[in-house]
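Have a look at the structure below before the remarks.
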Amino acid sequence: MANFPPVDGSIQPHEPRDEDARPASGIEQSDLELVRRAQRGERGAFDLLVLRYQHKVIKLVARLLRDPTEAEDVAQDAFVKAYRALGSFRGDSAFYTWLYRIAVNTARNVMASRQRRPLDYEADLNESEQSAVESRMRHTDTPEAAVLSEEIHQTVNHAVEQLPEDLRTAIILREVEGLSYEEIAEAMDCPVGTVRSRIFRAREAIDRSLKPLLD
Amino acid sequence: MTDRINEQISAFLDGELPSGEIGLLARRMERDGELRRAFGSYVLAGEVLRSPGGITARPDFAARVSAAIDSSASESSGQAPLASRSSRWSRPALATAVAASAALAAVLLVRPDMRGGEDITAGNADPGAATLAAFPPGGASPTPAQSQRLAGYLVAHSQFASPIGRRNVWTGVLAADPGIARVAYDAVEAR
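Which chain is which? The protein sequence lines are A and B, in order.
Counting along the first sequence from 1, when you hit position 165 you're at 165 in this note's numbering, and nothing is skipped either side.
Counting along the second sequence from 1, when you hit position 144 you're at 1144 in this note's numbering, and nothing is skipped either side.
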């Protein structure tokens, strides 16, 4: 897990500054565009940031709380706090770093209010602990949610298995391995534009399978 | 057309969309629920592929967050629910007009020597303080959205008062908080 700066339970007025200034990634730049729009009062832009980070924040909070039944409520609270503090975000750090810090603070406040021993947020859970937490999350949730979650996972994996080889390779290299379009183009020996198109077509195919479940 | 836009969304998600195309796409997605749905679906597929068997948000999570923000804004500003139901697109113009009124009132009511505001947010654990945390310390100008929110608050708390009472409410709020006074004063200066 990232090394978050010390927290005292409050939302800091400004995000930490990245001392070793590095060029912002494409995702950071697109986040920043959405943040700027939200800061100008465009709520729809913030909704897109929620869509992008909802799964990651819920997963983070579930691991910190060690009681995943409350993860969605606490994650929701974190997003509301982030929205209300958005004016203080200047772009010195990546938006997701700033958002994760608010999520960590929110989870810690919940743990403090329960007077539980807080988990050291800098200490990552090992793989088996993470798996146990996530497994518990899925089994303690409502039966309907557990079924839906299972169906979503099966549907996505089945859809990927059905993809033509070139689309499947492109989407796996992007989503699982995290390669950039340029790196994928090099690996697959094709133009960047082809990579972009293959990834999109793979997503469209998965989306067509998912849509009936999510509607 | 839709395929082209959805391909842009896919590239946007990966941080691979040229910066010149981001603004227009963001505007389209804000207006079009089907584009937002596709974006959410692409995000979900990626999460599932990265952590098979892991946790994912329920399909209505983002909508619940949006409703909670509306509810939170309504509670913290004391506005009637009608305010949060008003069109998202008509809000900016209305708020700008209100902000101008509030700023004018502030310049009439605030002494210039009140501009030396302090960081009023340090160590404040109250979630409500997050709104105040949005005002940058050190005299930086607030964003228009911040000014609008402040102005909305002032107006909402005095809209049913008599002119004399309204003046007293604004005077009280502004005098009690140099940080807020500075925001309103700077908003007028910036015009």
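Every residue gets a Cβ at the ideal spot worked out from N, C-alpha and C, and that includes glycine.
Predicted model only: the values in this text are computed from it and were never measured.
For Gly-1040(B), the enclosing alpha helix (DSSP H) begins and ends at 1033-1050. Within chain A, the residues Glu-72, Ala-145 and Leu-148 have their CB atoms less than 8 Å from the CB of Arg-1058(B), given in chain order. One alpha carbon belongs to Phe-200(A), the other to Gly-41(A), and they sit about 30 Å apart. Leu-1025(B) places its beta carbon less than 8 Å from that of Leu-1017(B). Contact annotation: Val-1043(B) and Arg-52(A) have beta-carbon atoms nearer than 8 Å.
Scanning chain B for C-beta atoms nearer than 7 Å to the C-beta of Tyr-83(A) yields Ile-1069, reported in chain order. Under the three-pair Cβ rule at 8 Å, the stretch 170-186 of chain A does not count as touching the stretch 144-158 of chain A.
The stretch 45-62 of chain A and the stretch 84-99 of chain A touch, with no fewer than 3 CB-CB distances between them shorter than 8 Å. Under the 8 Å criterion on CB atoms, Ile-1055(B) is classed as interfacial with respect to chain A. Residues of chain A with a Cβ closer than 8 Å to the Cβ of Leu-1024(B) do not exist, since the nearest Cβ in that chain sits about 11 Å away.
Nearest Cα to Val-176(A) within the set Arg-1004(B), Glu-1047(B) and Ser-1010(B): Glu-1047(B).
Contact with chain B is found for Gly-26(A), since one of that chain's Cβ atoms lies less than 8 Å from the residue's Cβ. Annotation: the continuous alpha helix (DSSP H) that includes Ile-171(A) extends over 165-175. Counting only Cβ-Cβ distances below 9 Å, Arg-1036(B) has contacts in chain A at Gly-44, Asp-47, Leu-48 and Leu-51, in chain order. Of all alpha-carbon atoms in Ala-1011(B), Ala-1045(B), Gly-1020(B) and Ser-1071(B), the one lying nearest the alpha-carbon of Leu-210(A) is that of Ala-1045(B). One finds Glu-1007, Ser-1010, Ala-1011 and Glu-1016 in chain B with Cβ atoms closer than 8 Å to the Cβ of Arg-196(A), taken in chain order. Using a Cβ-Cβ cut-off of 8 Å, Glu-1047(B) counts as an interface residue toward chain A, since at least one Cβ of chain A sits closer than that to its own.
Taking C-alpha positions only, Asp-1003(B) is separated from Arg-203(A) by approximately 11 Å.
The beta carbon of Glu-151(A) sits closer than 7 Å to those of Leu-213, all from its chain and outside the five residues before and after it, given in chain order.
Rounded to whole angstroms, the Cβ separation of Phe-89(A) and Val-35(A) is 6 Å, and the two are in contact under 8 Å.
In this structure, Ala-62(A) sits away from Ile-1022(B), with a CB-CB distance that is not shorter than 8 Å. Interface annotation, Glu-1021(B): not in contact with chain A, CB-CB separation never under 8 Å.
By the neighbour-count criterion, in which 16 or more other beta carbons inside 10 Å mark a residue as buried, Arg-1031(B) falls on the exposed side.
For Ser-30(A), the enclosing alpha helix (DSSP H) starts and ends at 26-39.
Linking Ala-45(A) to Val-147(A) through their CA atoms gives a straight-line distance of about 31 Å. In this chain, Leu-179(A) is not harboured by any alpha helix (DSSP H), its DSSP state being neither H nor E.
Taking Tyr-181(A) as the centre and dropping the five residues before and after it, the same chain places the C-beta of Val-192, Val-195 and Arg-196 closer than 7 Å to its C-beta, in chain order.
With a threshold of 16 other beta carbon atoms within 10 Å, Thr-142(A) falls short and is exposed.
Comparing alpha carbon positions, the residue from Arg-1058(B), Asp-1070(B) and Ile-1005(B) closest to Ala-75(A) is Arg-1058(B). Between Ser-1010(B) and Gln-29(A), the gap from beta carbon to beta carbon reaches 8 Å or more. In this structure, DSSP gives Ser-93(A) a state outside helix and strand, which the three-state scheme calls coil. The Cβ-Cβ distance between Arg-1027(B) and Ile-1005(B) does not fall below 8 Å.
Between Asp-92(A) and chain B, the shortest Cβ-Cβ separation is not below 8 Å. Remark: C-beta atoms of Asp-215(A) and Ala-1062(B) do not approach each other more closely than 8 Å.
In the three-state reduction of the DSSP assignment, Ile-184(A) falls in the helix class.
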